[in-house]
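A.B. asks:
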Amino acid sequence: MGFWTFLGLAVICGCLLGGYSIHARSKSRTSKADVLRLEARLAGLESSGNLEERVRALEAIVTDPKFQLDREISKLEKSPGASASDPSD
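Under the working numbering, the first residue of the sequence shown carries the number 693, and numbering increases by one thereafter.
#1: So, for residue 770: in the same chain, excluding its five sequence neighbours on each side, which residues have a beta-carbon less than 8 Å away from its beta-carbon?
#2: Within 6 Å: the Cβ of residue 734 and any heavy atom of the ligand NAD?
#3: Using a threshold of 7 Å, state whether the C-beta atoms of residue 759 and residue 753 are closer than that.
#4: Can you tell me whether residue 723 is helix, strand or coil according to DSSP?
#5: How many angstroms separate the CA atom of residue 666 from the CA atom of residue 699?
#6: In this structure, how does DSSP classify residue 771 when only helix, strand and coil are distinguished?
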């Protein structure tokens, strides 16, 4: 391998490494901005009391026996192996 080939490869590797470091820094800034935005949104929901009401409503729906029965029936209807003659009966 000649001197110019080595020099060319070194320049290419340096450029790639520099580009990757710039990409990594911008990605981490975006992630921090997203986290800050989500924390602000969560604080707004918690302060309004709306979040607690939503959770209570979802708990009531999910713990409702009719809701659970409907989910089990829809699971049976969607399963490909469901048939009228089940050998386990």
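Note that beta-carbon positions come from the ideal geometry of N, C-alpha and C, so glycine has one too. It should be emphasised that the depicted structure is a prediction, and the values quoted were computed from it without experimental measurement.
C.D. replies: On the basis of the coordinates in this document:
#1: none
#2: For the ligand NAD, the structure offers nothing, since it holds no ligand at all.
#3: yes
#4: helix
#5: In this structure the chain extends from 693 to 781, so residue 666 is not present and cannot be described.
#6: coil
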